[in-house]
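Heads up: the sequence shown begins at 1484 in this note's numbering, then just goes up one per residue. Below is one structure, written out as structure tokens, with a few remarks after it.
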Amino acid sequence: LQAVILTSLLILGDSSVGKSSLLHRFTEGTFDESRQERFRSICKSYMRNSVGCILMFDVSQRQTFDRVGSWQQEVLDYVKPNPMFFVLVGHKCDLAVGRKVRKSEGDALAKKLNMLAYLEVSTKENINVSEVFETLTRGIYNLFQQGKIPTRDDWQGLTVGATIKKESDF
């Protein structure tokens, strides 16, 4: 038997940095070229009941990188006293020209802001898309195993559900 662990995750960042494209590529396996912002506001209660957050910026738009810290602080203000773990994601790493943020800057910011990791992705070229979600969920799982993430009835950020049978148990 294996316990099912459910987590609530956020994907946040400035408009047009690729949040919808990242989720679409991960879930559907296709590149979403739509510029439409489908989700303009985040319900505070949803933030409060999340345990992980992908903070995104566009490597070709410096201002989106410069606002990462304020995005993180806003989330931390909403989730108190619950824990929140972050992965920083620089999008559009496939661009041959026009890069305004170096990889070393992303690495340094993730370290400074105590994030689990920094990854660069391209939803267009399908570079590191699944790695973003795997890195965040593995990080959360490891911290849960170490006892650094509580489970409580009044918080749905991380829920340990019913056990299921693995194929090897049949």
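No residue lacks a Cβ here, since even glycine has one placed at the ideal position from N, Cα and C.
Can you say whether residue i is buried or exposed, counting buried as having 16 or more other CB atoms within 10 angstroms of its CB?
i               : result
aspartate 1652  : Residue placement at aspartate 1652 is flagged as unreliable, the pLDDT there being 46, under the threshold of 50; a coordinate-derived value is accordingly withheld.
leucine 1495    : buried
aspartate 1541  : buried
asparagine 1565 : buried
lysine 1575     : buried
alanine 1593    : buried
glycine 1581    : exposed
glycine 1552    : exposed
arginine 1523   : Note on arginine 1523: pLDDT 39, under 50, position unreliable in the model; no value is reported.
asparagine 1611 : buried
Which residue from the options puts its Cα closest to that of residue i?
i                  : options                            : result
asparagine 1532    : Asp1560, Lys1583, Leu1505          : Asp1560
serine 1605        : Arg1621, Ser1503, Gly1622          : Ser1503
threonine 1607     : Ser1498, Leu1505, Lys1586          : One point to set straight first is that residue 1607 is lysine, not threonine, in the sequence displayed. Ranking the options by Cα distance to lysine 1607, first place goes to Leu1505.
valine 1572        : Lys1563, Leu1619, Leu1578, Val1580 : Leu1619
phenylalanine 1569 : Glu1617, Cys1536, Ser1491          : Cys1536
arginine 1550      : Ser1498, Leu1626, Gln1629, Lys1631 : Ser1498
methionine 1598    : Met1539, Ala1579, Met1530          : Met1539
Which value, in whole angstroms, describes the spacing of the CA atoms of residue i and residue j?
i            : j              : result
alanine 1556 : glutamate 1588 : In the sequence on display, residue 1556 carries glutamine and not alanine. The straight-line gap from Cα to Cα measures roughly 19 Å.
valine 1500  : threonine 1634 : 33 Å
valine 1615  : leucine 1602   : 7 Å
valine 1562  : arginine 1585  : 30 Å
Let me check one thing: in DSSP terms, what residues is residue i bridge-paired to?
i                  : result
phenylalanine 1569 : Cys1536
tyrosine 1601      : Leu1571
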